[in-house]
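Okay, structure first, notes after.
Chains as they are written, first to last, in our numbering: chain A, 489 to 795; chain B, 489 to 795; chain C, 489 to 795; chain D, 489 to 795.
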């Protein structure tokens with residue numbers, strides 16, 4: 489592994505090299521706040537397990553992390569060690585779009601994994617069974633690991649998700665019909681929509697995720713998960729973190745990662761670092777076009793990969 | 489990583505600890521030669537990138553490697569660098585049984601990945617377009633990497649596959665109907681059935697696969713694939729190598745691996761070693777029950793994992 | 489056609505012959521009011537286009553007509569001649585269970601036909617776009633055609649449907665997500681659940697349905713549909729009226745019919761008569777076991793069939 | 489029913505009225521002989537149960553009857569009263585394209601009905617179990633009911649089907665893998681392709697099919713099926729005869745019918761007549777555009793319909 493001193497330059501080179509590609513892909517258009525993001529935005533930040541931080545581009549601008557939050561809510565649910573979590577949600581890639589109800593029908597309301605929408609709804613339901621205020625608790629967790637006390641839910645995004653989230657609402661009721669949702673679907677959806685509406689920058693996201701590269705603990709020694717649990721989360725990110733393009737993503741990038749339709753991606757090199765990229769243009773699978781390219785370059789230029 | 493001197497003992501401990509589980513799972517029963525394998529068989533072999541070999545249990549007894557051969561035939565196809573390979577076969581986990589035709593119909597004859605049967609048939613077709621004798625060439629490749637000139641196809645297995653392989657035959661014709669099979673389906677099936685009928689021991693299989701842990705080259709310096717290609721194959725093993733249980737396998741074991749219904753599994757720790765296990769009892773997904781447990785123990789006892 | 493004088497005896501013979509089969513099949517068990525119906529109940533009523541009525545068994549006992557009401561709500565929607573009705577709901581047999589969401593996903597929220605739950609929800613939504621009180625209007629229609637001013641919704645059934653109808657709720661939101669539901673899903677569901685909760689006897693149901701045998705008009709000359717529309721409804725009953733067993737039902741009975749999970753079936757011989765049967769034990773497809781047998785006997789003993 | 493004297497004029501009026509539509513739809517293009525049919529062809533013939541024949545347009549020109557032959561092969565299989573026929577093939581509309589393998593996988597090799605390709609292959613297999621020469625026997629049957637000793641298989645069509653019929657071949661092997669094909673798939677396919685390659689005119693087809701309108705017997709008194717069996721075939725035509733558009737066809741036309749991709753349709757009004765139409769342009773479901781329009785006009789102008 490090259491000296492850390494080179495990292496800032498490495499990220500800058502990648503950001504510069506990909507400058508001509510800015511604007512590639514399509515913005516998520518299902519809610520207004522995502523539609524009006526600057527399509528040319530592009531940022532990148534890397535946080536080592538020692539806590540050193542490197543960044544380039546629009547790395548301090550906040551964006552809607554959307555499904556990247558599913559890693560954080562899964563962490564929260566696993567912290568409380570619920571014995572029935574893995575009976576209520578599977579651990580397999582879905583082979584379908586992230587918002588498909590087909591698989592739920594065929595597999596009697598058990599979502600394939602915690603990183604598709606249905607799975608994250610079950611994870612949220614599990615959290616709500618344990619905690620009186622699932623929104624505040626996750627916010628506290630995120631502020632803690634990111635070291636940024638002013639991280640907030642984007643209320644406008646949460647409200648827009650609530651108003652248009654009919655497919656998620658259908659999923660929640662469908663799982664309720666199979667007995668795989670304990671709480672009131674509207675309460676689960678409210679918490680879920682807020683989690684998706686977390687607004688964070690690349691710098692904050694890289695910091696927030698570095699515990700996954702460090703056996704479950706932050707560089708400051710705050711432990712979120714056990715080493716064994718951390719491996720499990722990383723394995724799920726690898727096999728289920730990039731919507732219906734996990735194979736392609738592993739083939740090209742070779743790092744456990746979770747993407748969101750806001751254009752953010754959090755990737756992990758276990759034992760080394762976390763890296764967050766953001767560019768709002770998405771490919772057909774819903775992953776950031778430039779984000780994926782940036783991670784691919786990071787891997788190919790350095791040989792860093794789990795493979 | 490612990491000293492190599494401990495490896496023999498490590499494997500022996502795993503084999504001993506799992507002795508009470510021998511016989512767990514169900515033998516593949518679709519052809520007679522697989523039905524009459526001793527269900528108590530259990531072997532394990534590990535080959536480091538330096539070429540050092542460690543083993544325990546029935547590690548020198550040959551068995552039918554079945555779908556583990558798909559890694560070798562993919563290697564052969566990638567060696568010849570066919571530009572259209574990845575247009576004709578995908579790189580995503582299937583989310584379906586290994587012999588499903590449903591996905592082929594929905595995706596117009598393009599198999600999801602090279603490690604399900606349909607994908608391996610396309611890979612075989614690609615090989616046949618380049619090589620006059622696909623069977624002999626693969627046999628030569630295997631003998632070379634395994635360092636065992638007497639490795640053979642089990643003709644009885646190949647014949648039994650031929651006689652009962654109606655589902656594979658249906659797949660081949662179905663892909664032909666979509667224009668995704670160039671050759672005569674019967675010729676493709678003949679080569680494919682022979683590849684699946686390779687008879688190898690854990691020792692031979694670990695040796696044969698160590699190039700995947702070593703950037704594409706054997707410890708003796710014979711290079712099968714480039715480092716970039718090697719990463720790609722490993723990523724495909726991780727996301728697609730364990731039938732419809734890849735997520736579960738990654739969650740528990742955390743190593744790229746390819747399993748076969750003969751009960752063999754080849755797993756890779758990049759940069760370190762390859763490991764082959766064999767026990768013929770299968771779980772519902774078609775993966776060796778004891779083989780998976782042994783790899784899980786190897787990972788949990790040592791912390792070795794890509795995550 | 490035999491003399492009408494024989495009809496009472498014909499129905500009585502069928503009811504007597506099938507007496508040993510009373511209790512066959514399984515009661516619908518998803519709501520309490522359906523679970524406590526007497527499983528031995530069995531009634532039959534036939535109404536000719538001249539308005540003559542014949543009956544046998546428990547023909548005057550009211551039961552929950554459930555999905556048989558879908559014929560009446562479709563009639564109501566067609567009366568108002570909405571131009572977009574057939575763009576929002578298809579006219580094909582579903583090949584799936586009556587409460588499947590799979591087909592909705594594959595066909596972008598357009599239900600296959602108006603007699604599966606999703607289709608009836610769209611029909612109800614269409615009615616609600618036109619009428620301020622969809623429940624009262626349908627009740628008036630039913631009372632009119634049945635000639636029974638005291639027909640009511642069973643409020644207990646409606647409430648139980650409301651409390652347990654999560655799958656229907658999921659469907660409604662899912663169609664809303666595709667833009668194929670205009671109204672508030674809860675309002676649509678409320679009207680739908682009430683329609684399903686209509687409580688009628690065989691005598692009332694036979695009378696209520698005879699307009700379908702008479703070119704759209706009751707024997708008293710009240711016209712519900714045009715002759716062309718009447719044929720259309722009958723054709724839909726034949727191809728879509730018996731859940732996922734329409735082929736089998738046509739093969740055995742040979743009459744357009746609509747069944748409900750309360751155990752009722754309304755069948756039509758165009759130009760001749762309507763016939764209603766009721767017995768609460770259901771087969772796997774959700775059709776009344778004795779009801780189907782009774783109609784099969786009616787057809788085989790008399791040769792009455794559209795084929 | 490109007491006097492027979494009007495029939496010639498009625499057919500002629502329909503043919504004239506639809507003249508501007510000649511050429512609508514797309515010709516089947518999967519084999520060369522079907523591609524070179526004159527797209528403007530349009531013929532119509534009606535045969536009453538008394539044996540009177542009426543026709544208009546290109547009613548004496550022969551065409552490839554394709555799937556209309558499935559009615560004849562089913563008749564042949566039912567004549568021999570095989571007890572296991574309905575255990576090996578279902579009686580439900582498929583809800584899928586005529587050549588889908590998906591349903592076969594989900595329902596373990598049992599085709600939904602005898603009028604989709606897979607079902608007709610099973611019917612052909614059943615015939616081959618009973619008869620040494622399935623091709624000659626069906627040809628004899630057809631010549632007999634059509635009263636035309638010179639009806640032949642179009643050998644060029646049969647050969648082209650054989651050469652391009654990979655999807656049917658995949659289906660045959662797939663059903664073989666489920667144990668639902670007894671014979672050699674190639675022999676079954678050979679007989680099946682020949683049955684589809686029957687070359688007949690509208691006049692011959694109307695004559696050949698009139699036994700279905702007459703309780704199973706030709707006007708000359710040759711009985712092919714019992715009255716009960718005849719009803720069964722008619723019900724299957726209604727629920728399964730028009731590919732994936734049976735509901736639409738019943739809604740618009742209201743007659744049991746079987747169509748073929750050669751552009752022919754045979755329809756039945758039980759107790760009255762058979763009618764054959766032919767025009768090679770197909771709609772998306774594979775039914776003749778003008779043929780369907782002609783039958784719709786026949787029904788709407790006269791009120792003739794089973795509904």
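All C-beta atoms in this analysis are idealised placements derived from N, C-alpha and C, irrespective of residue type, glycine included.
Keep in mind it's a predicted model, so treat the numbers as computed, not measured.
Residue 533 of chain B is not a Cβ neighbour of residue 749 of chain B, given a cutoff of 8 Å. Scanning its chain for C-beta atoms nearer than 8 Å, with the 5 sequence neighbours on each side dropped, one finds around residue 642 of chain D the residues 521, 552, 685, 686, 687, in chain order.
In the three-state reduction of the DSSP assignment, residue 776 of chain A falls in the strand class. With a cutoff of 8 Å on beta-carbon distance, residue 583 of chain B and residue 666 of chain B are scored as not near each other. Within a 10 Å sphere around the beta-carbon of residue 654 of chain D sit 16 or more other beta-carbons, which makes this residue buried. Out of D/679, D/571, D/712, the CA that lies nearest to the CA of residue 650 of chain D is found in D/679. Of D/608, D/499, D/514, the smallest CA-CA separation from residue 775 of chain D is found for D/514.
Here residue 518 of chain B is exposed, its C-beta having fewer than 16 other C-beta atoms within 10 Å.
In the DSSP assignment, residue 712 of chain D falls outside any alpha helix (DSSP H) and carries neither an H nor an E.
Residue 536 of chain B sits in a strand when the DSSP states are folded into three classes. Residue-level contact by beta carbon fails for residue 690 of chain A and chain B, as no gap is shorter than 8 Å.
In this structure, residue 658 of chain D and residue 609 of chain D do not form a Cβ contact; the two beta carbons are roughly 11 Å apart against a cut-off of 8 Å. Here residue 543 of chain A is actually not in contact with residue 695 of chain A; their C-beta atoms are around 11 Å apart, not less than 8 Å. Against residue 734 of chain D, the close residues of chain C are 580, 581, 727, in the order they occur along the chain (beta-carbon pairs closer than 9 Å). The shortest CA-to-CA distance from residue 576 of chain C to any of C/708, C/548, C/612, C/772 is the one to C/612. Excluding five sequence positions before and after residue 693 of chain A, the CB atoms of its chain that fall closer than 6 Å to its own CB belong to 754, 764, given in chain order. DSSP places residue 690 of chain C inside the alpha helix (DSSP H), whose first and last residues are 690-697. Per the coordinates, the alpha-carbon of residue 792 of chain D lies some 7 Å from the alpha-carbon of residue 786 of chain D.
The three-state reading of DSSP puts residue 735 of chain B in helix, counting H, G and I together. Between the alpha carbons of residue 726 of chain D and residue 782 of chain C lies a gap of roughly 22 Å.
Per DSSP, the unbroken beta strand (DSSP E) holding residue 543 of chain D starts and ends at 541-545. In this structure, the alpha-carbon of residue 627 of chain C lies about 14 Å from that of residue 646 of chain C.
Scanning its chain for C-beta atoms nearer than 7 Å, with the 5 sequence neighbours on each side dropped, one finds around residue 707 of chain A the residues 537, 538, 539, 698, in chain order. Residue 557 of chain B places its beta carbon 8 Å or farther from that of residue 768 of chain B. Residue 792 of chain D sits in coil when the DSSP states are folded into three classes, being neither helix nor strand. In the structure shown, the three-state DSSP call for residue 753 of chain B is strand. What residue 661 of chain B touches in chain D, judged by beta-carbon distance under 7 Å, is 654, 657, 658, 661, going in chain order. Non-local beta-carbon contacts of residue 703 of chain C in its own chain, meaning distances under 6 Å to residues more than five positions away in sequence, involve 715, 718 in chain order. Taking the beta carbon of residue 665 of chain A as reference, the chain C residues within 7 Å of it are 654, 655, 658, listed in sequence order.
Taken through DSSP and simplified to helix, strand or coil, residue 607 of chain B comes out as helix. Between the C-alpha atoms of residue 701 of chain D and residue 689 of chain D there is a straight-line separation of about 19 Å. Within chain C, the residues 589, 590, 592, 593, 658, 662 have their CB atoms less than 9 Å from the CB of residue 589 of chain A, given in chain order. DSSP places residue 730 of chain C outside both helix and strand once states are collapsed to three, so it counts as coil. In the three-state DSSP reduction, residue 617 of chain A falls in the helix class (H, G or I). The secondary-structure analysis by DSSP pairs residue 551 of chain A across a beta bridge with A/688.
Counting the other Cβ atoms within 10 Å of the Cβ of residue 563 of chain C gives 16 or more, which makes it buried.
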